Amino acid sequence: MKMRLDVVIPTYNRGWLLPRTLLSLLAADQTDALDVGITVVDNQSTDDTRDVVESFIPTFERRLQYVYEMRPGRSHALNAGIAATHGDVVAMVDDDEEVDRRWLTTIADAFQDASTDFIGGPYLPRWGAERPGWVGSSYRSAIGWSESGALIKQFGEPGFDGMLMGGNAVIRRRVLDRVGPYAVDLGRTPGGRLLACEDDDMFARLLEAGARGFYRPDLIIYHFVFPERLTKRYFRRWCFWRGVSLGVLDRRRPAPVPYLLGVPRYLVGVAFRGAIDNIRLLFTCREPARVFKNELAWWDLAGFIYGKHVSRIKQFVSRYRLRSAAQRAPSKLVT
Numbered sequence: 393m394k395m396r397l398d399v400v401i402p403t404y405n406r407g408w409l410l411p412r413t414l415l416s417l418l419a420a421d422q423t424d425a426l427d428v429g430i431t432v433v434d435n436q437s438t439d440d441t442r443d444v445v446e447s448f449i450p451t452f453e454r455r456l457q458y459v460y461e462m463r464p465g466r467s468h469a470l471n472a473g474i475a476a477t478h479g480d481v482v483a484m485v486d487d488d489e490e491v492d493r494r495w496l497t498t499i500a501d502a503f504q505d506a507s508t509d510f511i512g513g514p515y516l517p518r519w520g521a522e523r524p525g526w527v528g529s530s531y532r533s534a535i536g537w538s539e540s541g542a543l544i545k546q547f548g549e550p551g552f553d554g555m556l557m558g559g560n561a562v563i564r565r566r567v568l569d570r571v572g573p574y575a576v577d578l579g580r581t582p583g584g585r586l587l588a589c590e591d592d593d594m595f596a597r598l599l600e601a602g603a604r605g606f607y608r609p610d611l612i613i614y615h616f617v618f619p620e621r622l623t624k625r626y627f628r629r630w631c632f633w634r635g636v637s638l639g640v641l642d643r644r645r646p647a648p649v650p651y652l653l654g655v656p657r658y659l660v661g662v663a664f665r666g667a668i669d670n671i672r673l674l675f676t677c678r679e680p681a682r683v684f685k686n687e688l689a690w691w692d693l694a695g696f697i698y699g700k701h702v703s704r705i706k707q708f709v710s711r712y713r714l715r716s717a718a719q720r721a722p723s724k725l726v727t
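Numbering (my numbering), first residue to last: 393 to 727.
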């Protein structure tokens, strides 16, 4: 009996880029072990996204469906796609990605083992512009570049700190039903909130539920790197908001590490060691990638402090003001 695989693609105003993703799925090596369906979830797009998807439906022989999700945010879009499908296994792919030719056959091979609950794999860059010299081996995830070697590894095992990345995540539906939907208070929204880490939260819940997952080096996707993301301003902004997101996430799920004033001690250590290293580099040959990596550690730290402490204080002050205003408001006598 064939296993049903549903591929969910959330999208927002990427009608010009989405065909790359769809064409890569068509070009992937097919397997008799899978019955594959594709669901594109349009998250309030104002471009020609719907027309693009509908133009591909005949090519996919009705294996492609369009879903519109009016609530903004990637988490809402993913949850809508999962709810609109019924396959045994659900794969999450982003609209700026292309899957490798072996992607489908790798999924079929991995889930032949009934004890495998989820898998993830490498993100390799498709450069939209020349790679700057200051983009080193650190902070690659800012541009969706992630790989953890050439061996199959189990997530959560000692010695492997890899994470399940959201744009290349394949999860059994029965496990998704057990751990629940993606957190809608996390994740970016179109033109709005810059919080992220909805994938980190899902990964943590999978491990907490005892799910067994594996990093598969042959489950490859290629991620398009937009030219506007190859700027230092973008990296700084990304690191700050990643820090904010981790700080918010830490409030609900503290890490099992030593803390200093509510902040993981290793974050403080990385930032201060980076500052000392940059002072040394002032008197030696400057290495652009190393100098910038050390700077970004401070953006990480600042974002975490904001997400963990400052945003909570702001929420408290806002609630206090609303309560005070309500208490001062004259009551109306209803007759």
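Just so you know, even glycine gets a beta-carbon here, dropped at the ideal spot from N, CA and C. Keep in mind the model is a prediction, meaning the values are calculated, not measured.
Minimum C-alpha distance to residue i - residue among the options
| i | options | result |
| --- | --- | --- |
| residue 444 | 415, 468, 421 and 531 | 415 |
| residue 579 | 701, 440, 446 and 463 | 463 |
| residue 424 | 448, 499 and 682 | 499 |
| residue 542 | 437, 530, 536 and 515 | 515 |
| residue 476 | 627, 666, 441 and 565 | 565 |
| residue 607 | 644, 394, 511 and 662 | 511 |
| residue 459 | 450, 473, 452 and 447 | 473 |
| residue 452 | 506, 427 and 440 | 427 |
| residue 430 | 394, 650, 481 and 408 | 481 |
| residue 530 | 689, 697, 693 and 702 | 689 |
| residue 693 | 591, 409 and 629 | 629 |
| residue 647 | 546, 520, 593 and 492 | 593 |
| residue 634 | 676, 591, 672 and 650 | 591 |
| residue 575 | 637, 544 and 545 | 637 |
| residue 520 | 620, 650 and 669 | 620 |
| residue 546 | 573, 568, 513 and 537 | 513 |
| residue 544 | 501, 492 and 577 | 501 |
| residue 492 | 450, 422, 454 and 668 | 422 |
Rounded distance between the beta-carbons of residue j and residue i, thought under 8 Å
| i | j | result |
| --- | --- | --- |
| residue 483 | residue 397 | 6 Å |
| residue 686 | residue 666 | 3 Å |
| residue 696 | residue 639 | 4 Å |
| residue 624 | residue 664 | In fact, because the Cβ distance is near 21 Å, the residues do not count as touching under 8 Å. |
Whether residue i touches residue j by CB criterion (8 Å)
| i | j | result |
| --- | --- | --- |
| residue 508 | residue 597 | no |
| residue 496 | residue 419 | no |
| residue 599 | residue 548 | yes |
| residue 641 | residue 589 | yes |
| residue 618 | residue 691 | no |
| residue 627 | residue 518 | no |
| residue 413 | residue 539 | no |
| residue 441 | residue 409 | no |
| residue 601 | residue 644 | no |
| residue 503 | residue 395 | yes |
| residue 407 | residue 439 | yes |
Contact test: residue i Cβ vs the ligand ADP heavy atom, cutoff 7 Å
| i | result |
| --- | --- |
| residue 527 | Questions concerning the ligand ADP fall outside what the structure shown contains, since it holds no ligand whatsoever. |
is_contact[residue i, chain B] using C-beta, thresh 8 Å
| i | result |
| --- | --- |
| residue 612 | Although the question refers to chain B, the structure presented lacks it and comprises just one protein chain. |
Exercise for the section: Examine the Cβ distances between the stretch 645–664 and the stretch 546–557 and report whether three or more of them are shorter than 8 Å. Expected result: no
Practice task
Say whether the stretch 609–618 touches the stretch 558–571, bearing in mind that this needs 3 or more beta-carbon pairs closer than 8 Å, one atom from each stretch.
Solution key: yes
Practice task
Count the C-beta pairs between the stretch 673–685 and the stretch 516–533 that are closer than 8 Å, then say yes if the count reaches three, no if not.
Solution key: yes
Exercise for the section: Flag this pair as touching only if the stretch 462–482 and the stretch 432–446 have three or more C-beta atom pairs under 8 Å; answer yes or no. Expected result: yes
Practice task
Report yes or no: do the stretch 401–410 and the stretch 478–496 share at least 3 C-beta pairs separated by less than 8 Å?
Solution key: yes
Handout entry: Those runs of the beta strand (DSSP E) which lie wholly inside the stretch 561–642 and span at least 3 residues
Key = 605–607 and 613–617
Exercise for the section: Mind listing, in chain order, the continuous alpha helix (DSSP H) runs of no fewer than 4 residues lying wholly within the stretch 448–491? Expected result: 466–475
Exercise for the section: Would you mind listing the alpha helix (DSSP H) stretches within the stretch 483–557 that are 4+ residues and don't spill past its ends, in chain order? Expected result: 495–502
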